[in-house]
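This report refers to the structure that appears directly beneath it.
Chains as they are written, first to last, in my numbering: chain G, 1103 to 1261; chain Z, 2 to 181.
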């Protein structure tokens, strides 16, 4: 403990520290002040009815107390150059939007697909038509041959 | 007023790289002091840089979702950032403490506890919250009276008076135990 010479301690600080450790810790909501409460406490704008709750919570939470005391005392700490550079890089990497890889626009017009489909249909229809015609001719020839066979023409002529 | 409080948050939200660079340079020394004060006494000074990075990353993440929650009507940017930072440091310590430790890392007690010893317990309302806070700032955090007065936004003589009252109460309670 740092103390002024005018006000010397008349007690054992170690004994007081030990005593403080025996104070019961409050549980529940009282122990966890909201962010707004803590901001209000830092700003000095906290309503009186919330002040005791925040002070009680700070008394019980040493890490939070030390951190916020540093904020109230406006402490600053020298940031090593490498650490500062790392922070800057991290932030800029997240902030600056990623430039997308340039993609060459397609030369195909919007009519390319319908034209291709139409061309396919135009080829398919004559092909289907020619195919049907050939199949018809073949069937006709087979019919004639069968008819002649059944009428005995082929058998008579062949045997 | 801290230079952070004059910062144009709208520029940060517009993803202005120059504004973010300036913000990092302005905020980092203060936020580092806050993280450091929380972590160092717990033996985690080596984690300070990681926690600080995490805070800045959280401010940028998901299109500045966290930063967008800052409302200047409810407090200044420096106070909002200080609370955010203090809580991040406390959360980090909780996370680290919650992680399972190996049995080898747990020190053996040097002296076995005396059997039948009962722990001294103080009544919860023996001290007011402010008196307890003053005693802890004084004896556990080693702050001087002037610093405690600055932390509590009060006069040094008020701190001295409250500390005196708190010690008197402790003395009265423990008079028959000859603790002091």
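Using N, Cα and C, we set each Cβ at its ideal position, and we do this for glycine too. Keep in mind it's a predicted model, so treat the numbers as computed, not measured.
Restricted to the region 1155 to 1209 of chain G, the alpha helix (DSSP H) segments that are unbroken, complete and at least 4 residues in length are 1164 to 1174 and 1183 to 1197, listed in chain order. For the 9 Å CB-CB criterion, residue 53/Z and residue 36/Z form a contact. Residue environment analysis places residue 95/Z among the exposed positions, since fewer than 16 neighbouring C-beta atoms fall within 10 angstroms of its C-beta. Only residues of its own chain outside the window of five on either side were considered, and among them 1166, 1167 and 1170 have a CB closer than 7 Å to the CB of residue 1160/G, listed in chain order.
For residue 1119/G, the closest Cβ of chain Z is nearer than 9 Å.
Going by DSSP, residue 165/Z is part of the alpha helix (DSSP H) stretching over 157 to 175. A straight-line Cα-Cα distance of about 43 Å links residue 5/Z and residue 123/Z. About 19 Å separates the CB atoms of residue 163/Z and residue 1164/G; that is not less than 8 Å, and the two are not in contact.
Cα atoms of residue 128/Z and residue 176/Z: separation of roughly 16 Å, rounded to the nearest angstrom.
Within chain G, the residues placing a beta-carbon under 8 Å from that of residue 142/Z are 1164, 1167, 1168 and 1171, ordered along the chain. Scanning 1252/G, 1198/G and 1138/G for the CA closest to the CA of residue 22/Z turns up 1198/G.
Taking a cut-off of 8 Å for Cβ pairs, the region 1244 to 1253 of chain G and the region 41 to 48 of chain Z do not touch, as fewer than three such pairs fall below it. Excluding the 5 residues flanking it on each side, residue 33/Z has same chain C-beta neighbours closer than 8 Å at 49 and 53, in chain order. Taken through DSSP and simplified to helix, strand or coil, residue 1233/G comes out as helix. Between the C-alpha atoms of residue 166/Z and residue 1147/G there is a straight-line separation of about 26 Å. By the criterion of a C-beta distance shorter than 7 Å, residue 89/Z is surrounded in its chain by 52, 55 and 56, once the five residues flanking it on both sides are discounted.
With a cutoff of 9 Å on beta-carbon distance, residue 1150/G and residue 1139/G are scored as not near each other. For the pair residue 92/Z and residue 99/Z, the Cα-to-Cα distance works out to about 10 Å. DSSP, reduced to helix, strand and coil, places residue 1213/G outside both helices and strands of the structure shown, so it counts as coil. A direct Cα-to-Cα measurement between residue 130/Z and residue 15/Z gives close to 43 Å. For residue 132/Z, the enclosing alpha helix (DSSP H) begins and ends at 130 to 136.
In the three-state DSSP reduction, residue 74/Z falls in the coil class, being neither helix nor strand. Apart from sequence neighbours up to five positions away, the residues of its chain that approach residue 1189/G with a beta-carbon distance below 8 Å are 1181, ordered along the chain. From the beta-carbon of residue 12/Z, no residue of chain G is found nearer than 9 Å; the closest lies around 11 Å away. By the rule that beta-carbons nearer than 9 Å mark a contact, residue 53/Z touches chain G.
Excluding the 5 residues flanking it on each side, residue 24/Z has same chain C-beta neighbours closer than 7 Å at 8 and 13, in chain order. Between residue 138/Z and residue 153/Z, the CB-CB gap stays under 9 Å. Rounded to whole angstroms, the Cβ separation of residue 62/Z and residue 1196/G is 7 Å, and the two are in contact under 8 Å. Residue-level contact by beta carbon holds for residue 42/Z and chain G, with a gap shorter than 9 Å. Contact annotation, residue 1173/G with residue 87/Z: C-beta distance approximately 7 Å; criterion of less than 8 Å satisfied. Distance from the CA atom of residue 168/Z to the CA atom of residue 145/Z, rounded to whole angstroms, is 16 Å.
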